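Note that UniProt numbering gives residue 5 to position 5 of the sequence shown, counting from 1, and the numbers run on in steps of one.
For every residue, glycine included, the Cβ atom is placed at its ideal position computed from N, Cα and C.
None of the values given here were measured: they were computed from a predicted structure.
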Amino acid sequence: MKVYLDDERATPDGWVRVYWPDQAIALLAGGAVTHLSLDHDLGDDARGTGYDVVLWVEEQVFTAGFRPPAMRVHSANASAREKMEAGIRTIERYAGHAGTE
């Protein structure tokens, strides 16, 4: 399953749309996610950001042997994008997973 986390953009064909980090995390925890595309700013920081998903994946990879999906960031927030991409690179290095489509 390809999961697309975003609050505003159109969902690409073939992707499952979620609006909040907890929804993305629930799908990831189910183990069927092969690709993950993340926005950062989701309209309500109290409910979380795309970075929260990166942190969850990172924790699961380091503590539970979780195999991460291919991950990318589509956020327009430049500083958040850099932070999220750095997290993804760390996840990929640790998991030995290229993470490309």
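The region 7-21 and the region 83-94 do not touch, with fewer than three beta-carbon pairs separated by less than 8 Å. About 22 Å separates the Cβ atoms of threonine 49 and methionine 1, ruling out a contact at the 8 Å cut-off. Contact annotation: aspartate 45 and leucine 5 have beta-carbon atoms that are not nearer than 8 Å. Annotated as distal: phenylalanine 66 and tyrosine 94, with beta-carbon spacing of 8 Å or more. When Asp41, Arg47, Ser37 and Thr11 are compared, the shortest CA-CA separation from alanine 80 is found for Asp41. Where alanine 29 is concerned, the enclosing alpha helix (DSSP H) starts and stops at 21-29. Here methionine 71 really is in contact with leucine 36; their C-beta atoms are around 5 Å apart, less than 8 Å. The secondary-structure analysis by DSSP pairs methionine 71 across a beta bridge with Leu36.
Our two residues, proline 69 and asparagine 77, have alpha carbons roughly 22 Å apart in a direct line.
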